[in-house]
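Undergrad:
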Amino acid sequence: NAGVTQTPKFQVLKTGQSMTLQCAQDMNHEYMSWYRQDPGMGLRLIHYSVGAGITDQGEVPNGYNVSRSTTEDFPLRLLSAAPSQTSVYFCASSRDRAKEQYFGPGTRLTVT
Amino acid sequence: GQQLNQSPQSMFIQEGEDVSMNCTSSSIFNTWLWYKQDPGEGPVLLIALYKAGELTSNGRLTAQFGITRKDSFLNISASIPSDVGIYFCAGRLGGAQKLVFGQGTRLTINP
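Quick note, the sequences are listed as chains A and B, same order. Count along the first sequence from 1, then add 491; that gives the number in this note's numbering. Count along the second sequence from 1, then add 13; that gives the number in this note's numbering.
1) Tell me which residue opens and which closes the beta strand (DSSP E) that Val541(A) is part of.
2) Run through the DSSP bridge pairs and tell me what Asp84(B) is partnered with.
3) Could you please tell me which residues of the stretch 524-535 of chain A, in chain order, have their CB closer than 9 Å to any CB of chain B?
4) For Asp564(A), which residues does DSSP report across the bridge?
5) So for Gln576(A), helix, strand or coil by DSSP?
6) Note down, in chain order, each residue of its chain lying with its Cβ closer than 8 Å to the Cβ of Ser540(A), except the 5 sequence neighbours on either side.
7) If you draw a straight line from the C-alpha of Val579(A) to the C-alpha of Leu120(B), how long is it?
8) Closer than 9 Å, CB to CB, is Val57(B) near chain A or not?
9) Report all residues from its chain with a CB closer than 8 Å to the CB of Ile86(B); omit the five preceding and five following residues, and keep chain order.
10) Can you tell me where the beta strand (DSSP E) with Asn492(A) in it begins and where it stops?
11) Just how far apart, CA to CA, sit Glu591(A) and Thr577(A)?
12) Classify Ser95(B) as helix, strand or coil using the three-state DSSP reduction.
13) I'd like to check one pair, Ser92(B) with Ile60(B): are the Cβ atoms closer than 9 Å?
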């Protein structure tokens with residue numbers, strides 16, 4: 492298994508541009524999440540999904556959209572990038588709601 | 014939102030020393046997880062705890078789920094250079110899928 496994969500690994504955007512961060516898992520996990528990591532802030536939940544077709548907001552959802560059309564994929568969309576969205580983004584998945592989450596390698600995003 | 018207080022924020026130790034870090038919260042958690050993050054990588058799960066009082070080991074690492082369900086600690090014995098990194102605790106409230114993360118403990122080891 493490849494586990495949780497994320498692309499791209501690095502990205503630079505100009506303010507106002509849009510883009511999609513890709514996340515995929517091959518473990519048939521129902522639960523997937525997106526986090527952002529900023530210095531001194533730990534990881535903060537952006538959006539999560541409990542299964543295909545179901546998504547919900549986390550702690551810091553503003554400026555981001557998600558969809559879950561398949562079990563494997565959970566893309567994160569930045570609608571209009573802002574410098575405040577400069578961060579490292581991690582996708583995670585877990586087998587069910589009570590189990591541990593496994594993280595991808597991250598996408599480092601810089602918005603200028 | 015829910016807060017986890019993780020301490021210490023950073024540690025500078027000599028190789029071979031034991032390490033102890035902890036997380037506390039004002040809320041009751043049903044799950045405690047400990048992760049390690051290396052530079053440029055995603056967090057990797059070290060230990061998962063699901064019951065109050067549970068004590069679990071993973072090699073030189075030992076973690077405990079506090080009896081009050083509001084805290085957890087992680088110990089590393091006989092530290093080695095590859096233990097360097099940032100350690101995060103995470104807790105789950107009830108049956109929710111959402112995890113709350115501590116701010117991390119940055120471990121530096123002098124050889």
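Ideal Cβ placement from N, Cα and C applies to all residues, glycine included.
TA: To lay it out plainly:
1) In the first sequence, counting from the first residue as 1, residue 541(A) sits at position 50. Its beta strand (DSSP E) spans residues 534-542.
2) By 1-based counting over the second sequence, the position of residue 84(B) is 71. DSSP, once it has assigned bridges, lists Thr37(B) as partnering Asp84(B).
3) Along the stretch 524-535 of chain A, the positions whose C-beta sits under 9 Å from a C-beta of chain B are Ser524, Tyr526, Gln528, Gly531, Met532, Gly533, Leu534, Arg535, read in chain order.
4) Reading the first sequence from its first residue, position 73 is the one you call residue 564(A). DSSP lists Ala515(A) as the beta-bridge partner residues of Asp564(A).
5) Taking the first residue of the first sequence as 1, we reach residue 576(A) at position 85. Looking at Gln576(A) - three-state DSSP - the assignment turns out to be helix.
6) Locating residue 540(A) in the first sequence gives position 49, where the first residue counts as 1. The beta carbon of Ser540(A) lies closer than 8 Å to those of Tyr522, Met523, Ser524, Thr546, Asp547, Val557, Arg559, Phe565 in the same chain, with the five residues before and after it left out.
7) Translated into positions along the first sequence, residue 579(A) becomes position 88. Translated into positions along the second sequence, residue 120(B) becomes position 107. Taking the straight line from one Cα to the other gives about 20 Å.
8) Walking along the second sequence from the start, residue 57(B) turns up at place 44. Interface residue, yes.
9) In the second sequence, residue 86(B) corresponds to position 73, counting from 1. Checking the sequence shown, residue 86(B) turns out to be Phe, not Ile. Within the same chain, Ser33, Met34, Asn35, Cys36, Ala76, Gln77, Gly79 come within 8 Å of Phe86(B) by CB-CB distance, once the 5 residues on both sides are set aside.
10) One-based indexing of the first sequence puts residue 492(A) at position 1. Annotation: Asn492(A) is outside any beta strand (DSSP E) and is labelled neither H nor E by DSSP.
11) Against the first sequence, residue 591(A) aligns to sequence position 100. Against the first sequence, residue 577(A) aligns to sequence position 86. Cα to Cα, Glu591(A) sits roughly 27 Å from Thr577(A).
12) Counting from 1 along the second sequence, the entry for residue 95(B) is found at position 82. In the structure shown, Ser95(B) sits in a helix (DSSP, three-state: H, G or I).
13) Indexing the second sequence from 1 puts residue 60(B) at position 47. Indexing the second sequence from 1 puts residue 92(B) at position 79. No, these two residues do not count as a Cβ contact at 9 Å.
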